[in-house]
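Trainee: Just so we're aligned, residue 20 is where the sequence shown starts under my numbering, counting upward by one.
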Amino acid sequence: MLRAAHLPPGATPALVALKLSLIPTLNLTSPSIIRKFSSFPSLHAFLPKTFLPSSPYPLSLGLKRFPPMVAQPCPRASFSSGGNSGSGREILVQHLLVKEDDLKLLLELQQRISGGVDLSDLAVEYSICPSKEEGGMLGWVRKGQMVPEFEEAAFNAPLNKVVRCKTKFGWHLLQVISEREESLLQDIQPEELQAKMQDPNFFEEVQLIDVREPEEVAQASLPGFQVLPLQQFGNWGPEITTKFDPEKDTYLMCHHGMRSLQVAKWLQTQGFKRVFNVSGGIHAYATKADPSIPTY
Numbered sequence: 020m021l022r023a024a025h026l027p028p029g030a031t032p033a034l035v036a037l038k039l040s041l042i043p044t045l046n047l048t049s050p051s052i053i054r055k056f057s058s059f060p061s062l063h064a065f066l067p068k069t070f071l072p073s074s075p076y077p078l079s080l081g082l083k084r085f086p087p088m089v090a091q092p093c094p095r096a097s098f099s100s101g102g103n104s105g106s107g108r109e110i111l112v113q114h115l116l117v118k119e120d121d122l123k124l125l126l127e128l129q130q131r132i133s134g135g136v137d138l139s140d141l142a143v144e145y146s147i148c149p150s151k152e153e154g155g156m157l158g159w160v161r162k163g164q165m166v167p168e169f170e171e172a173a174f175n176a177p178l179n180k181v182v183r184c185k186t187k188f189g190w191h192l193l194q195v196i197s198e199r200e201e202s203l204l205q206d207i208q209p210e211e212l213q214a215k216m217q218d219p220n221f222f223e224e225v226q227l228i229d230v231r232e233p234e235e236v237a238q239a240s241l242p243g244f245q246v247l248p249l250q251q252f253g254n255w256g257p258e259i260t261t262k263f264d265p266e267k268d269t270y271l272m273c274h275h276g277m278r279s280l281q282v283a284k285w286l287q288t289q290g291f292k293r294v295f296n297v298s299g300g301i302h303a304y305a306t307k308a309d310p311s312i313p314t315y
């Protein structure tokens with residue numbers, strides 16, 4: 020049975036121990052933010068380095084215990100295609116991992132699970148995956164994020180049934196806890212956003228978030244955007260689903276589009292169904308769509 024203690028706060032981040040590529044993390048180093056989230060799980064609890072190729076992106080934030088504010092999927096060469104893999108389905112997975120030569124142990128653990136023992140409890144005690152710190156929880160994942168053997172087993176497993184599979188990392192016992200419709204993450208060009216903003220109903224139908232700092236917003240801004248400074252994430256992050264509706268289209272903007280992209284990805288992990296990142300940020304909006312907006 021899935022226990023609340025095994026789920027990261029808010030909603031499980033889609034940090035997958037078997038991901039084929041690395042997700043960038045937010046590079047925040049404010050001590051005040053760290054203190055607010057001292058009880059959040061470490062990024063390293065979800066992304067063991069042995070499962071990831073080398074990457075220019077940092078594995079963790081400047082201060083190691085900051086919560087993983089990352090999301091799915093990982094960046095591609097062309098972001099404008101959006102975040103969907105085409106499967107239309109995401110699954111919530113927990114697992115435990117033992118070495119390849121520990122098949123006997125795996126079978127014993129599987130038998131104990133059949134007898135009523137919770138997989139997450141056994142993961143804490145026996146799993147060699149860093150996700151053991153979260154009871155083996157890997158979070159919401161979609162096709163294309165895991166090695167083929169694990170993906171095939173997970174996406175074909177009946178809900179709540181514990182199944183086993185073997186990958187190059189060893190033997191796994193995995194359990195799919197839940198499933199949901201895959202969310203959308205898409206780039207939007209400044210010109211397209213400007214056209215949408217000509218319709219007064221647009222502001223009633225969507226949610227607009229600017230993650231820049233107040234001093235940046237003072238230099239250039241767009242109407243209708245609510246300012247949620249990234250450096251103040253510790254204040255607004257835990258309440259995001261109470262302040263905003265995950266079912267409504269949500270647009271993110273920053274200076275050049277990178278900070279907002281990472282927040283947009285994080286919003287997906289919090290259950291936001293349709294998230295749009297303003298490509299190039301307000302700088303691109305000023306140069307491509309509205310020259311009256313100052314640049315800085």
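Even for Gly, the Cβ is constructed at its ideal location relative to N, Cα and C.
If you reduce the DSSP assignment to three classes, tell me which class residue 7 lands in.
Mentor: As displayed, the chain neither begins before 20 nor continues past 315, which places residue 7 out of reach and without an answer.
Trainee: In this structure, what does DSSP give as the bridge partners for residue 271?
Mentor: DSSP output for residue 271 lists 228, 296 as bridge partner(s).
Trainee: Leaving out five residues on either side along the sequence, give the residues of the same chain with a beta carbon under 8 Å from the beta carbon of residue 226.
Mentor: 245, 263, 264, 267, 268, 269, 270, listed in sequence order.
Trainee: Classify residue 261: buried if its beta carbon has 16 or more other beta carbons within 10 angstroms, exposed otherwise.
Mentor: So residue 261 ends up on the exposed side.
Trainee: Which residues bound the alpha helix (DSSP H) around residue 253?
Mentor: Residue 253 -> alpha helix (DSSP H) spans 252-255.
Trainee: Which ranges does the alpha helix (DSSP H) cover as unbroken runs of at least 4 residues, wholly within the region 115-187, from first to last along the chain?
Mentor: DSSP runs (the alpha helix (DSSP H)) wholly in the region 115-187: 122-133, 138-145, 167-175.
Trainee: Quick check: the Cα distance between residue 235 and residue 158, rounded to an integer number of angstroms?
Mentor: Straight-line Cα distance between these residues: approximately 34 Å.
Trainee: Look up residue 110 in the DSSP assignment and give the residues it is bridged to.
Mentor: Paired residue(s): 160, 198.
Trainee: If you follow the alpha helix (DSSP H) that residue 205 is in, where does it begin and where does it stop?
Mentor: From DSSP, residue 205 is part of no alpha helix (DSSP H) but of the beta strand (DSSP E) over 203-207.
Trainee: Could you check what DSSP says for residue 287 in three-state terms: helix, strand or coil?
Mentor: Three-state result, residue 287: helix.
Trainee: In chain order, what residues of the same chain lie with their CB nearer than 8 Å to the CB of residue 190, ignoring the 5 residues before and after it?
Mentor: 116, 117, 118, 119, 121, 122, 125, 183, 184, listed in sequence order.
Trainee: Short of 8 Å in beta carbon distance, which residues of its chain neighbour residue 186, apart from the five on each side in sequence? Order them along the chain.
Mentor: Only 37, 166, 168, 169 meet the Cβ criterion.
Trainee: Determine the direct distance from the alpha carbon of residue 217 to that of residue 295, and round the result to whole angstroms.
Mentor: Straight-line Cα distance between these residues: approximately 18 Å.
Trainee: Do residue 316 and residue 194 have their CB atoms nearer than 8 Å?
Mentor: Beyond the ends of the chain as shown, which are 20 and 315, falls residue 316; an answer cannot be given.
Trainee: Please return the same chain residues whose Cβ sits closer than 6 Å to the Cβ of residue 303, not counting the five positions on each side in sequence.
Mentor: The answer, listed in chain order, is 209.
Trainee: For residue 14 and residue 147, what's the separation of their Cα atoms in angstroms?
Mentor: Outside the shown range of the chain, which is 20 to 315, sits residue 14, and nothing can be said about it.
Trainee: When you compare the CB positions of residue 107 and residue 171, do they come within less than 8 Å of one another, or not?
Mentor: Result no, Cβ atoms of residue 107 and residue 171 do not sit closer than 8 Å.
Trainee: Does DSSP put residue 281 in a helix, a strand or coil?
Mentor: Note: residue 281 maps to helix in three-state DSSP.
Trainee: Looking at the strands, I want to know which residues DSSP matches up with residue 191.
Mentor: Paired residue(s): 116, 184.
Trainee: Rounded to a whole number of angstroms, what is the C-alpha to C-alpha distance between residue 293 and residue 162?
Mentor: C-alpha separation (whole angstroms): 18 Å.
Trainee: Could you tell me if residue 136 is buried or exposed, where buried requires 16 or more neighbouring beta carbons within 10 angstroms of its beta carbon?
Mentor: Residue 136 is exposed by the Cβ-count criterion.
Trainee: Grouping DSSP H, G and I as helix and E and B as strand, with all else coil, what is residue 217?
Mentor: It is coil, neither helix nor strand.
Trainee: What first and last residue would you give for the alpha helix (DSSP H) that runs through residue 233?
Mentor: Per DSSP, residue 233 belongs to the alpha helix (DSSP H) from 233-238.
Trainee: Taking residue 307 as part of the alpha helix (DSSP H), name the residues at either end of that continuous run.
Mentor: Looking at the DSSP string, residue 307 is not in any alpha helix (DSSP H), and its letter there is neither H nor E.
Trainee: Roughly how many whole angstroms lie between the Cα atoms of residue 248 and residue 273?
Mentor: For residue 248 and residue 273, the distance between alpha carbons rounds to 9 Å.
Trainee: Give every residue of the same chain whose Cβ lies closer than 8 Å to the Cβ of residue 232, excluding the five residues on either side of it in the sequence, and list them in chain order.
Mentor: Closer than 8 Å at the Cβ level, and outside the excluded window around residue 232, lie 248, 249, 250.
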